[in-house]
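Notes for the one structure printed next.
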Amino acid sequence: MLSEPKKALLPAKLNENPALRDCFDGAVFLLALLVVAFRWEVVGCLVFLGIVGVTLVLSDRLSDAFIPLVLMTVFVTRCYDSFDVFIKYIPFYAAVLLCVVFHLIYYRAKPKIGVSFPGLVAVSAALLLGGIGTLSASAYFRPMTLYYVLGLGIFMILLYLTVQPRADEAARDRFLRGLLLAGCLAVYAVLIFYVRGWAEFRETRRALQFQSSNNLSTFLMIALPIGFLYSKKYRAMIFLPAVTYVALLFCDSRGGIFLGTLEFFFLLVFFCFYRSDRFRQAFFIGYSLLTVGLVILFLPRVLTFYSFDTKIEGFSDLSIPQLLKEAIKAVIDNGEARVGLVGRSFGDFKKNPLFGVGLGYTGNEDLYTPVKGAMNWYHMWAPQIWGSLGIVGILCFGYQLFLRLRLAFTRREEPEITLSLSYLGLFMMSQVNPGEFCPFPYAIIATVIFLFLDNAKPSRKRSADEPQERPAEETPTA
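Here it is in structure tokens:
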């Protein structure tokens, strides 16, 4: 039996002070801006991990450590292929890990099992079984394989059990704020990149390419629905979703540009008609019409911005519909490794239909060679499941997705709907990138989103037999 949860080591006057939490969040965000501006990513990573460790010791809420953690994740995306740089600081990581263990033990509390929890257990089982009968023992027990197998499975179960007892509305709002700040930092990172590359941009008038574009696009798509939520709370922030979308367009991530555009216009329509006042409705409708009109009017220039004029034969002679058709074809045919990996995933499924070839499989390195310390992804959510985990993986991940959809469609209050839409952005990007198959941060974000939906009260419609007059606090919301 677990005893009553222990109080934070931080004095109550400080720990329960909302103004202090606001100051802490603001200070951490400003520090992250400095890290991005001056390229202090390695030092910044160590400083932010130190902040996370101290916070976990002093505070009884994991949510207090989330904002520095997620902001750190945004700015370290620039450190592509930096395994040898960060591996030098293992003793420091061990100290932070001790802080995590201390928090889990000292602040432990009895959790309640919600709707999404069985999905985590099922996925963990599929990950552990993946590759059995095909993958060698040495490949299965490689440190990187175990990191992904245990990180995506058992660690998510432990995370759920640890966070759930304190996942109240205050923690949910803090989580939403953290994701929004991560999106704002991603916007700033894109801006800084173009400031540094201004000479090249001014000369070419084309989107600049940078390695972190896919990761920044993912954070922007996660944050986009939260921008709409905050624009309703604070009218001064009504341009925030548009700024986020513009940053997406400048990321030069094909998945982010296409899927982010679909997400953006879906959100415009959704938030236009969902509990919006006339001002917001008029603004969003006007913005939608203006954006569509400009894209159609300047489509050749837009495609030139992304260098499609160099990939499409007879570019200047094609009509608008022909340009769109050829642009989509160019994206698919332009030496895209993902196309080959889809075919390989079916072949890998045939090798071991029941359990797949496992997350430690390296047989596709001729098509995609990961950076040191990373997994040999298929770079797509669905092929990763059937190729790596077989029928068992399809059933277990399908079960988890069913439970998550069930939660999303039964939680109808605005914060919970926004969380569901944030997951939609992550899920969309996971179809063309590793996404949710990265334990840190994306799988963590997905797990915590549905943990908060678990703790929220489901909305229900009034039955025909219920009386029309009900107390105000019992009136169900739409």
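Its first residue numbered 0, the sequence shown is counted upward by one per residue in numbering that gives the first Met the number 0. Where is the CB? At the ideal position from N, CA and C, for every residue including glycine. Please read all numbers here as calculations on a predicted model, not as lab measurements.
#1: Buried or exposed: where does Phe-37 fall if 16 or more other Cβ atoms within 10 Å of its Cβ makes it buried?
#2: Quick check on DSSP: helix, strand or coil for Asn-375?
#3: Does the separation of the CB atoms of Ile-237 and Leu-178 fall below 8 angstroms?
#4: Buried or exposed: Gly-203, going by 16 or more other Cβ atoms within 10 Å of its Cβ?
#5: Taking the alpha carbon of Val-242 as the point to measure from, which residue in Ala-185, Cys-271, Ala-198, Gln-208 has its own alpha carbon closest?
#6: Using only CA atoms, which one of Pro-352, Ser-318, Ser-315, Ser-216 lies nearest to Leu-128?
#7: Could you give the C-beta distance for Leu-420 and Leu-266, rounded to a whole number, given that I count them as a contact under 8 angstroms?
#8: Determine the DSSP secondary structure at Arg-205, reduced to helix, strand or coil.
#9: In this structure, does DSSP put Phe-354 in helix, strand or coil?
#10: The alpha helix (DSSP H) that contains Arg-514, what's its start and end?
#11: Does Asn-16 come out as helix, strand or coil in the three-state DSSP assignment?
#12: Could you check which residue in Tyr-377, Val-148, Val-114, Thr-260 has the C-alpha nearest to that of Phe-401?
#13: Quick one: grab the DSSP three-state call for Phe-249.
#14: Tell me which same chain residues have a C-beta within less than 6 angstroms of the C-beta of Ala-18, skipping the five on either side of it?
#15: Between Leu-9 and the rest of its own chain, which residues show a CB-CB distance below 8 angstroms, the 5 nearest in sequence each way excluded?
#16: Going by alpha carbons, who is nearest to Ala-121 out of Ile-131, Met-155, Val-53?
#17: Going by the C-beta, is Asp-276 closer than 7 angstroms to any heavy atom of the ligand HEM?
#18: What's the call for Ser-315, buried or exposed, on a 16-neighbour Cβ count within 10 Å?
#19: Quick one: grab the DSSP three-state call for Asn-363.
#20: Please report the residue range of the alpha helix (DSSP H) in which Phe-238 lies.
#21: Just checking, does the stretch 214-230 make contact with the stretch 185-200 on the three C-beta pairs under 8 angstroms criterion?
#22: If you draw a straight line from the C-alpha of Phe-218 to the C-alpha of Ala-181, how long is it?
#23: Three or more beta-carbon pairs under 8 angstroms between the stretch 192-209 and the stretch 423-440, yes or no?
#24: Taking its Cβ as the centre, do 16 or more other Cβ atoms sit within 10 Å of Ser-211, making it buried, or is it exposed?
#25: Could you tell me if Phe-47 is buried or exposed, where buried requires 16 or more neighbouring beta carbons within 10 angstroms of its beta carbon?
#26: What three-state label does DSSP hand Asp-80 in the structure shown?
#27: Would you grab the beta carbon distance between Ala-407 and Leu-452 for me? Rounded to a whole angstrom, and I think it's under 8 angstroms.
#28: Tell me where the alpha helix (DSSP H) around Thr-368 begins and ends.
#29: Would the stretch 99-107 and the stretch 384-397 be scored as touching if the rule is three or more Cβ pairs under 8 angstroms?
#30: Thinking just about the alpha-carbon of each residue, which of Val-53, Arg-277, Leu-298, Val-189 is nearest to the one in Phe-91?
#31: Do you know how far the Cα of Leu-158 is from the Cα of Asn-16?
#32: Could you say if the stretch 337-347 and the stretch 301-317 meet the contact criterion of at least three C-beta pairs nearer than 8 angstroms?
#33: Compare the Cα-Cα distances from Leu-175 to each of Leu-296, Gly-397, Phe-116, Leu-228 and report the closest residue.
#34: Below 6 angstroms CB to CB, which residues in the same chain sit around Asp-80 once its five sequence neighbours on both sides are set aside?
#35: Which of helix, strand or coil does DSSP assign to Phe-314?
For this structure:
#1: Residue 37 sits at position 38 when you count from the first residue of the sequence shown. Label assigned to Phe-37: exposed.
#2: Residue numbering aside, residue 375 sits at position 376 when the sequence shown is read from its first letter. It is coil, neither helix nor strand.
#3: Here residue 237 is taken as the residue at index 238 of the sequence shown, counted from 1. Here residue 178 is taken as the residue at index 179 of the sequence shown, counted from 1. No, the pair does not count as a contact, with Cβ atoms beyond the cut-off.
#4: The residue you call residue 203 lines up with position 204 of the sequence shown. Note that residue 203 is Thr in the sequence shown here, rather than Gly. Answer is exposed; the Cβ neighbour count stays below 16.
#5: Position 243 of the sequence shown, counting from 1, holds the residue named residue 242. Nearest option by C-alpha distance: Ala-185.
#6: On the sequence shown, position 129 is the one that residue 128 refers to. Per the Cα distances, Pro-352.
#7: If you number the sequence shown from 1, residue 420 lands on position 421. If you number the sequence shown from 1, residue 266 lands on position 267. With a Cβ gap of about 7 angstroms, Leu-420 and Leu-266 count as contacting.
#8: Sequence index remark: in the sequence shown, residue 205 carries index 206 (1-based). Reduced to three states, the DSSP call for Arg-205 is coil.
#9: Taking the sequence shown and counting its residues from 1, one reaches residue 354 at position 355. Coil.
#10: Lying outside 0 to 477, the shown extent of the chain, residue 514 is not represented and no answer is given.
#11: Your numbering for residue 16 matches position 17 in the sequence shown. Coil, per DSSP.
#12: Counted from its first residue, the sequence shown places residue 401 at position 402. The option with the nearest alpha carbon to Phe-401 is Val-114.
#13: By one-based count along the sequence shown, residue 249 stands at place 250. Here Phe-249 sits in coil by DSSP.
#14: Here residue 18 refers to the residue found at position 19 when the sequence shown is read from its first residue. Answer for Ala-18: no residue qualifies.
#15: Along the sequence shown, read from residue 1 onward, the residue named residue 9 stands at position 10. Answer for Leu-9: Leu-57, Ser-58, listed in chain order.
#16: Residue mapping note: residue 121 aligns to position 122 of the sequence shown, counting from 1. Checked all of Ile-131, Met-155, Val-53; the closest Cα to Ala-121 is Met-155.
#17: In terms of ligand content, the structure shown is empty, and the ligand HEM therefore cannot be addressed.
#18: Within the sequence shown, the letter at position 316 stands for residue 315. Exposed, since its Cβ has fewer than 16 Cβ neighbours within 10 Å.
#19: Indexing the sequence shown from 1 puts residue 363 at position 364. It is coil, neither helix nor strand.
#20: Your numbering for residue 238 matches position 239 in the sequence shown. Segment: none, Phe-238 is in no alpha helix (DSSP H) and carries neither H nor E.
#21: yes
#22: For this step, residue 218 is matched to residue 219 along the sequence shown. For this step, residue 181 is matched to residue 182 along the sequence shown. Those two C-alpha atoms are separated by around 7 angstroms.
#23: no
#24: The residue you call residue 211 lines up with position 212 of the sequence shown. Flag for Ser-211 reads buried.
#25: For the purposes of this step, residue 47 is identified with residue 48 of the sequence shown, where counting begins at 1. Counting Cβ neighbours within 10 Å, Phe-47 comes out buried, since at least 16 surround it.
#26: What you label residue 80 is simply residue 81 of the sequence shown in a count that begins at 1. Looking at Asp-80 - three-state DSSP - the assignment turns out to be coil, as it is neither helix nor strand.
#27: Here residue 407 is taken as the residue at index 408 of the sequence shown, counted from 1. Here residue 452 is taken as the residue at index 453 of the sequence shown, counted from 1. Right, their Cβ atoms sit about 7 angstroms apart.
#28: Residue numbering aside, residue 368 sits at position 369 when the sequence shown is read from its first letter. From DSSP, Thr-368 is part of no alpha helix (DSSP H); its letter is neither H nor E.
#29: no
#30: Your numbering for residue 91 matches position 92 in the sequence shown. Residue Val-53 is the option with its Cα nearest to Phe-91.
#31: Counted from its first residue, the sequence shown places residue 16 at position 17. Counted from its first residue, the sequence shown places residue 158 at position 159. Asn-16 and Leu-158: Cα-Cα distance of roughly 25 angstroms.
#32: no
#33: As a working note, residue 175 is residue 176 in the sequence shown. Nearest option by C-alpha distance: Leu-228.
#34: Counted from its first residue, the sequence shown places residue 80 at position 81. Excluding residues within five positions, the ones whose Cβ falls inside 6 angstroms are Val-370.
#35: Counting from one through the sequence shown, the residue named residue 314 turns up at place 315. Here Phe-314 sits in helix by DSSP.
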